[in-house]
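Basically the numbering used here = 1-based index in the sequence shown + 1. We put the beta carbon where it would ideally sit given N, CA and C, even for glycine.
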Amino acid sequence: MTLCILLGSNKSIIINHFRLSFAGQTNQNKLKMKKNLLIYPIALTLVCLIGFNASAQQKPAAAVPQLGKSPVKDVVKAMTLEEKAKLVVGMGFKMPGMPKPTEKQMKEGVDIGGFKLPPSDEDAYNIPEKVPGAAGRTHSITRLGIPSITVSDGPAGIRIDPIRNNDSSKTYYATAFPVGTLLASSWDPALVHRVGEAFGNEIREYGADVILGPGANIHRNPLGGRNFEYYSEDPLITGDIAAAIINGIQSQGVGTSIKHFAANNQETNRNSVNTIVSERALREIYLKGFEIAVKKSQPWTVMSSYNLINGTYTSQRHDLLTTVLRDEWGFKGFVMTDWFGGRDAVAQMNAGNDLLMPGGPQQSQAIVDAVKSGKISQKQLDANVTRMLNIILKTPEFKKYKYSTKPDLKKNAEVSRMAAAQGMVLLKDEDKALPLKSKKVALFGNTSYDLIAGGSGSGNVNKAYTVSLIQGLTKGGYTVDDNLKNAYETYLNDIKAKQPKSAMSFFMLPPPPPQLAITPDMLAKEANDADVAIFTLGRNAGEGADRKVDNDFNLSTDEKALIKNISDAFHAKGKKLVVVLNIGGVIETASWRNEADAILLAWQPGLEAGNAITDVLSGKVNPSGKLATTFPMEYQDVPSAKNFPGKNLPLPEGQKPNPMMGRPAEVTYEEGIYIGYRYYNTFDVKTAYPFGYGLSYTNFKYSDLKLSSKTFNGLITATITITNTGDVAGREVAELYVSAPQSGLPKPAEELKAFAKTKLLQPKESETINLTLTAKDLASFDTAKQSWIAQYGTYEVKAGASATDIKKTKKFDLAKSIVTEKVHNVLQPQVAISELKK
Ligand code: BGC
């Protein structure tokens, strides 16, 4: 256009130029020039007109909106349908150790041991990984300034490849923090927050954006293969501990993905099992922990689970992911699927499951097609995309954070050790067998020499080391007989060397080695030479399989015999036996515990395991953990025992059983709300160690339980004083249970409504603790009224050292029932459930 204005204004100059040149030309040339003189302005005008027109169409394109510089809504507006459908589907799956698939496999999917991996996105193979070993990535859309973000497992530490490109000169090991069951047993959100800070820092320094944890499913049954990743049988502990770790991690500028939402309480047929459960049990037990965590910590993301709830995959349930999670609880982040979770990309988008992981091109295509055919509205897809962009904006990747790949592993190991010791539970301590009085120890049990830091599968962490118990004790100044040590180490090395290495080892744990047989001579010598015996019992489990009753929940015959033999030999010499439980989930203890003088439940304590256990055995740390999950007398006492893991349904015609995906199945939660201590207390079932139980090397007195009022007026505060009456410093957890009036809905005999842990109290020192109850804390869910209701009547407040060791009680009245919240009519079972009733 500028050229035209120039030409236009200079038209006379050009004509003049023609005129001047005209004079000295031949006739033929003059004719040509005359013609030119006519044609030129016409052509010029035309050129200008065309030029004007073209320039009007090609206005310098308005700048393309850039994420972070333009409002998110403008970025969304500028995205093509294909770009949107790419953003909401992850970049694909790379099986660790699996070679790049052929083009055909990429299109058709790859068979891995009977499980067909869906077709992959080429990007997963062609774009170098930012954090090798991380579980997944999202697509970048560079045109709009949208980066790819990296998500990594898992709940006990960042799970990434420790060695890259076979170059071991530089390593990327991570801190294995104690597993979830241990953290919850600390009953100490402030401590868990500190773990979260160290953990979050490591996530950030290794370059990931979102960690795939914490796990917040309820311990419905002790055989649950992933219980070690989860916290408790109680939703209050679950929610408070989850919120603490989320807030800790997110304080470091990285995100979390609380998982697996929801009612994902088993590994058997996990990808296809239909959980049939009442709305009351869902809301009071299985959703409650998530609700507390979402409200207290706003995790950046939520991971939907594999299972179906009442007939629909959780990732395809709008009522779960939108009505409950967002509308009722106020969740602001995005929801992603579990890996390959659900079946129908279109239903998932519509449900509010914003990101499909790990993602494949066929899902993006299905979304594009669905928007074109109207099965997904533009508005819906825009909402999914917007939620993702709002989180991407917060990520280190978006902020171009220069991560070091050198987190302070030493410092984080110290945090791990400190937290581990705080969450161990002293189950038994007769005649003050602990702390250890003498330094000469006979150390038995395979796992004493090969401690289990954490569970397997995606909950595993690639750590540089695990301190064994023998290492921990030796460093702590204890001496252990070399003969025994050599016998165990040779035996275990031999077994490990023979274990087949399989690509499936991620899912399939090798069977635990049988206990080394201890000859009577060896035992006699040890009982003679050492001052005390320690026997460590180990159990491991993880993703892909549930545990078994025989030789797992129950001890094997060999294990029991060994414990008995050691006990007899040492007791005959007037010496004691200490049993250390290095386990991720609950086991049977009632049949053998009399053989032991002390039992320390060390759980799976992370990479500093041996040091942390030694800290407690030696008395350097006074144990203050309490059970967040009941230890029943026997498996058959567990309220869900007859409904775990449910029943298989017939396979559809022509379909072969798939070992990885399981088969159609259903499980009915007939026990309803009566989970764990809610059941044992209400139905008077004796337990081996009750919920909330844990000993200390000192004693505590509970006194002066006071309530702020005799009648409830919107809030009531309970005050209790705890005094250390023993002779060493220690911490105590004050647990506040409430017994609600039984006049309305049936209620559990007691429910934990608040708790707090004292500071380290010196002998004779006291602390007064205030615990507040709101109307919401008193409410139960009334399905008929679709409301949470605090029933009028008399409430009993019980301050205790466990769910069965109530020290002080007080009563208050609620004059009139209060509807604390009216909710939506959702998640209802399609079939009648014959729920347990008192
Ligand atoms: C697990 C998730 C995990 C994901 C990514 C799934 O198999 O169930 O907990 O985060 O894989 O590794």
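Whole angstroms are fine: how far does the CA of residue j sit from the CA of residue i?
i	j	result
K687	T805	10 Å
A55	H825	Here the model assigns A55 a pLDDT of 45, short of 50, so the residue's position is not dependable and the matter cannot be decided.
S803	F713	25 Å
I15	E398	The predicted position of I15 is uncertain, since its pLDDT is 32 and thus under 50; a value taken from the coordinates is nonetheless stated next. If I take the Cα positions, the gap works out to 59 Å.
A488	I471	13 Å
Y1	T491	The requested residue 1 is not part of the displayed model; the chain covers only 2 to 839.
G52	S149	Bear in mind that a pLDDT of 41 at G52, under 50, signals an unreliable position, so the model cannot answer this.
I238	G214	16 Å
R138	L485	48 Å
K838	A750	12 Å
P72	E104	39 Å
M96	V152	15 Å
G539	D75	56 Å
I147	L753	45 Å
G218	G693	Reading off the sequence, residue 218 comes out as Asn, not Gly. Between N218 and G693, the C-alpha separation is close to 18 Å.
L762	N228	32 Å
So the beta strand (DSSP E) residue i belongs to, where does it begin and stop?
i	result
S767	S767 to T775
N583	K577 to N583
E667	A666 to T669
A599	A599 to L602
Y703	F701 to L708
F445	K441 to F445
I717	L716 to N725
K411	That residue, K411, is in no beta strand (DSSP E); its alpha helix (DSSP H) goes L410 to G424.
For residue i, which residues does DSSP report across the bridge?
i	result
P633	T688
G539	N583
Y738	L753 and K799
K812	E797
T302	S258 and F335
Y314	L309
K648	E667
F399	The partner list for F399 (beta bridge, DSSP) is empty, contrary to what the question assumes.
G137	V152
F116	I113
R165	D168
N275	L309 and E667
F782	W789
D551	According to DSSP, which records beta bridges pairwise, D551 is partnered with nothing at all.
What does the Cβ neighbour count give for residue i, buried or exposed, with the cut at 16 atoms within 10 Å?
i	result
R160	buried
G375	exposed
T718	exposed
E589	buried
Q829	exposed
S186	buried
D154	buried
E768	buried
S835	exposed
L602	buried
I'd like to know whether the C-beta of residue i is nearer than 8 Å to at least one C-beta of chain B.
i	result
H140	Within the model displayed, chain B is absent; a lone protein chain is all it includes.
Span of the alpha helix (DSSP H) holding residue i?
i	result
F341	First-last for F341: undefined, no H or E at that position.
I293	K289 to S298
L382	Q379 to I393
E822	That residue, E822, is in no alpha helix (DSSP H); its beta strand (DSSP E) goes I819 to K823.
F571	T558 to A573
K476	L470 to K476
D483	D483 to K499
K78	V73 to A79
L192	P190 to E206
K101	Unbroken run through K101: none, as it is neither H nor E.
S365	P362 to S374
G181	G181 to S186
CB of residue i to nearest heavy atom of ligand 2: below 7 Å?
i	result
E544	As presented, the structure is devoid of ligand 2, carrying ligand 1 as its sole ligands.
- Evaluate contact between the region 653-670 and the region 275-283, counting only Cβ atoms and requiring at least three cross-stretch pairs below 8 Å. yes
- contact_flag[the region 607-621, the region 411-421] where n(CB pairs < 8 Å) is 3 or more: yes
- Item | Stretch pair the region 383-396 + the region 108-120: three plus CB contacts closer than 8 Å | no
- Evaluate contact between the region 303-310 and the region 247-265, counting only Cβ atoms and requiring at least three cross-stretch pairs below 8 Å. Touching, yes.
- Message: For the region 189-200 against the region 228-238, do three or more pairs of beta-carbon atoms, one drawn from each stretch, fall closer than 8 Å, so that the two count as touching?
- Response: no
- Message: Under 8 Å, with one C-beta from each stretch per pair, do the region 791-800 and the region 740-750 reach the 3-pair mark?
- Response: yes
- Item | Given 8 Å, three or more beta-carbon pairs between the region 222-236 and the region 638-648 | yes
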